[in-house]
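**Student:** Below are the structure tokens for one structure; questions will follow.
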Amino acid sequence: MEAALVILDGWGLGDGDETDAVAAADTPAFDALAERGATGQLETHGRSVGLPDGQMGNSEVGHLNIGAGRVVKQDSTRVTDDIDAGVFADNEALARAFDHADDHDGRVHFMGLVSDGGVHSYQSHLHALVDLAAERGVEAVTHAFTDGRDTAPKSGVGFIEDLAATVEEAGTGDVATVCGRYYAMDRDENWERTKRAYDAIVHREAPHEADSAVAAVAASYDRGDTDEYVEPTLVSGTDAPLSADDAVVFFNFRADRARQLVRMLADIDPDWAFETDPPAAALVTMTEYDETFDLPVAYPPLAPEQPLGAVLAESDRTQLRMAESEKYAHVTYFLNGGREVAFEGERRDIVDSPDVPTYDEQPAMSAPELTDAAIDHIGADAPDVLVLNYANPDMVGHTGDFEAAKAAIEAVDEQLGRLESAIREAGGHLFVTADHGNADDMGTPEAPHTAHTTNPVPFVYCTPDGTDGGYTVRDGGTLADIAPTLLSTIGVDIPETMTGESLLER
Numbered sequence: 078m079e080a081a082l083v084i085l086d087g088w089g090l091g092d093g094d095e096t097d098a099v100a101a102a103d104t105p106a107f108d109a110l111a112e113r114g115a116t117g118q119l120e121t122h123g124r125s126v127g128l129p130d131g132q133m134g135n136s137e138v139g140h141l142n143i144g145a146g147r148v149v150k151q152d153s154t155r156v157t158d159d160i161d162a163g164v165f166a167d168n169e170a171l172a173r174a175f176d177h178a179d180d181h182d183g184r185v186h187f188m189g190l191v192s193d194g195g196v197h198s199y200q201s202h203l204h205a206l207v208d209l210a211a212e213r214g215v216e217a218v219t220h221a222f223t224d225g226r227d228t229a230p231k232s233g234v235g236f237i238e239d240l241a242a243t244v245e246e247a248g249t250g251d252v253a254t255v256c257g258r259y260y261a262m263d264r265d266e267n268w269e270r271t272k273r274a275y276d277a278i279v280h281r282e283a284p285h286e287a288d289s290a291v292a293a294v295a296a297s298y299d300r301g302d303t304d305e306y307v308e309p310t311l312v313s314g315t316d317a318p319l320s321a322d323d324a325v326v327f328f329n330f331r332a333d334r335a336r337q338l339v340r341m342l343a344d345i346d347p348d349w350a351f352e353t354d355p356p357a358a359a360l361v362t363m364t365e366y367d368e369t370f371d372l373p374v375a376y377p378p379l380a381p382e383q384p385l386g387a388v389l390a391e392s393d394r395t396q397l398r399m400a401e402s403e404k405y406a407h408v409t410y411f412l413n414g415g416r417e418v419a420f421e422g423e424r425r426d427i428v429d430s431p432d433v434p435t436y437d438e439q440p441a442m443s444a445p446e447l448t449d450a451a452i453d454h455i456g457a458d459a460p461d462v463l464v465l466n467y468a469n470p471d472m473v474g475h476t477g478d479f480e481a482a483k484a485a486i487e488a489v490d491e492q493l494g495r496l497e498s499a500i501r502e503a504g505g506h507l508f509v510t511a512d513h514g515n516a517d518d519m520g521t522p523e524a525p526h527t528a529h530t531t532n533p534v535p536f537v538y539c540t541p542d543g544t545d546g547g548y549t550v551r552d553g554g555t556l557a558d559i560a561p562t563l564l565s566t567i568g569v570d571i572p573e574t575m576t577g578e579s580l581l582e583r
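Be aware that the sequence shown starts at 78, since it is given in this note's numbering, and climbs by one per residue.
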């Protein structure tokens, strides 16, 4: 074994105050590594990862930059740039969707996450679509998915009010359904959740109905459900079930949490345990959600050339990608620059995430089982390079439960200690980092913080003998520097397409 890259998803370096679950946790394994190894910090937000200034990073962006070895301009920025340049209406895939609805006297259905979280969507992109529908004279409706995970738990009503103002001015785009992302944006094959969102959109069947979208969210708060958990709700007066005469524009720019609902709407590889018969509407996705989906894409991927996986394959290295299922896409699709298919010599071992409603109920998630599997691989068929993601700090951090997040950090630390011992015994270099912060700011019980942070993340390097090898970590590093660092450490030439630089210096 030559090297292992361990990604502590959501483990940021915060202020160490009462909101910081990372600092509050007992982390003897990580602390020992940081003491023995070369230790530094990396930036994971804004322009350092190809996002607008000040925009917090996320797992998709983080893994994409880690794998690319260079700063990657994000799809969200491409969309925003076109809107700002006044050329959004010229997008061919979007134009065809509007043409379909216009030619068939149908509607355009906009659906996606209505928030300014910037992780899966921007509300400004939806507002631009509503304005475009008005310009085209096409009737439009919106299926609003509420956030509360990448934004404050009860901020959704404000975003819905903003949308209502845009709709009123445009004269189209009324909200037809409201649904929390827990249902509409599941990514772990909890198909029964996806089906509830599907039924509201396609059949107008839902457990609740409200006079307005704002009232729908307010009623959810009254029931004790925050934005993420808003049950599917129909908005009275907008009777717009999906039909074959209609078009759909799914405006999320991040793929992983949009795939399931798109699969159900387009009847792609139906392996759920119930019958669905979706109408043959013209469906367009803002970005490519899966390279196997035969659907028009408004902004096709600009795949980074020669990501880490490709360079390792070209150098005849074997590689193993490991995570639990919540982070499957990140250690495969995103780390590979938007490529679904494995590279030559790349194996994948994904452990199922626990079947619980929310991960504060099981903060350890599947970290012990994931570590067991990794140690087995290292002992039996050790890959040249292991990339492993621990999901706990991010997934439990999103619940806003401080004590659960603290327990999640401690659970990961315990497993990190076990894994580090196996890697050192196998003679591997070890790199430990994170893709963004989250558990480093949990807010307070009165005002829980469930979103990512813009805090830096750790970067720790240990030689095969468990020391810093005389190296230090330079200042000013970003996620784009990780792949060049790993490659140079194991003696692989860094391709010209990787503009990142090694983080290690003597």
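Don't be surprised by glycine CBs; every beta carbon is placed ideally from N, CA and C.
1) At what residues does the beta strand (DSSP E) containing A81 begin and finish?
2) Mind checking which residues open and close the beta strand (DSSP E) that includes R425?
3) Thinking C-alpha only, which one of E246, V185, A485, D304 is nearest P445?
4) Hey, how far is the Cα of Q383 from the Cα of M575?
5) Does the stretch 85-105 come close enough to the stretch 185-197 that 3 or more CB-CB pairs lie under 8 Å?
6) For the alpha helix (DSSP H) containing F536, list its first residue and its last residue.
7) Are A290 and V252 close, meaning C-beta to C-beta below 8 Å?
8) How many Å lie between E79 and A499 at the Cα?
9) Could you tell me the boundaries of the alpha helix (DSSP H) in which Y259 lies?
10) Is R226 near T510, with beta carbons less than 8 Å apart?
11) Counting along the chain, where does the beta strand (DSSP E) carrying T116 start and finish?
12) Starting from Y298, trace the alpha helix (DSSP H) in both directions and tell me its first and last residue.
13) For the stretch 326-339 against the stretch 293-303, do three or more pairs of beta-carbon atoms, one drawn from each stretch, fall closer than 8 Å, so that the two count as touching?
14) When the distance is taken between beta carbons, is D322 closer than 8 Å to D629?
15) Which residues in the same chain have their Cβ closer than 8 Å to the Cβ of M296, if we skip the five residues on either side of it in sequence?
16) For A170, I'd like the list of residues in its chain whose CB is within less than 7 Å of its CB, leaving aside the five on either flank, ordered along the chain.
17) Pull the bridge partners of E573 from the DSSP assignment, please.
18) According to the neighbour-count rule (16 or more other Cβ atoms, all chains shown, within 10 Å of its Cβ), is L128 buried or exposed?
19) Whole angstroms are fine: how far does the CA of S136 sit from the CA of I160?
20) Between A390 and the rest of its own chain, which residues show a CB-CB distance below 8 Å, the 5 nearest in sequence each way excluded?
21) Quick one: is S313 buried, meaning 16 or more other Cβ sit within 10 Å of its Cβ, or exposed?
22) Suppose you measure from the CA of T555 to the CA of G89; what does that come to, to the nearest Å?
23) Can T249 and A210 be called in contact, C-beta distance under 8 Å?
24) Hey, would you say R173 sits closer than 8 Å to A217, going by beta carbons?
25) In angstroms with no decimal places, state the Cα-to-Cα distance between D348 and N469.
26) State the start and end residues of the unbroken beta strand (DSSP E) segment that holds T364.
27) Cβ atoms of C256 and A277: under 8 Å apart, would you say?
28) How is V164 classed by DSSP in three states: helix, strand or coil?
29) Under 8 Å, do I452 and R495 count as touching if we go by C-beta distance?
30) Is the stretch 535-543 touching the stretch 470-485 in the sense that three or more CB pairs, one from each, lie closer than 8 Å?
31) Please work out which residues of its chain come closer than 6 Å, Cβ to Cβ, to L385, disregarding the five sequence neighbours upstream and downstream, and give them in chain order.
32) From what residue to what residue does the alpha helix (DSSP H) around Q337 run?
33) Nearest by alpha-carbon distance to V148: which of S125, R155, D167 is it?
34) Could you give the first and the last residue of the continuous beta strand (DSSP E) run that contains G189?
35) Is it true that the stretch 110-119 meets the stretch 335-355, where meeting means three or more beta-carbon pairs spaced less than 8 Å apart?
36) Would you mind giving the Cβ-Cβ distance between R258 and L342, rounded to the nearest angstrom? I have them listed as a contact below 8 Å.
**Tutor:** According to the structure data:
1) Residues 80-85.
2) 423-428
3) A485
4) 8 Å
5) Contact between the stretch 185-197 and the stretch 85-105 is absent, with fewer than three C-beta pairs closer than 8 Å.
6) Counting along the chain, F536 falls outside any alpha helix (DSSP H), though it belongs to the beta strand (DSSP E) covering 534-539.
7) yes
8) 12 Å
9) It spans 258-261 - the alpha helix (DSSP H) in which Y259 sits, taken as one unbroken run.
10) no
11) Looking at the DSSP string, the run of the beta strand (DSSP E) that includes T116 is 115-120.
12) 290-299
13) Judged by Cβ distances under 8 Å, the stretch 326-339 makes no contact with the stretch 293-303, as fewer than three pairs qualify.
14) In the structure as shown, the chain starts at 78 and stops at 583, and residue 629 therefore has no counterpart that could be examined.
15) It should be pointed out that residue 296 corresponds to Ala in this sequence rather than to Met. Around A296: H285, A287, T310.
16) V361, P373, V374, A375
17) Beta-bridge pairing links E573 to no other residue.
18) By the 10 Å Cβ count, L128 comes out buried.
19) 25 Å
20) Q396, F420, E421, G422, E423
21) exposed
22) 14 Å
23) yes
24) no
25) 28 Å
26) Run containing T364: 359-364, per the beta strand (DSSP E) assignment.
27) Contact flag set, yes.
28) coil
29) yes
30) no
31) Cβ neighbours of L385 within its own chain (closer than 6 Å, five residues either side excluded): G144, A560.
32) 336-343
33) S125
34) Start and end: 185-190.
35) no
36) Wrong, their Cβ atoms sit about 16 Å apart, outside the cutoff.
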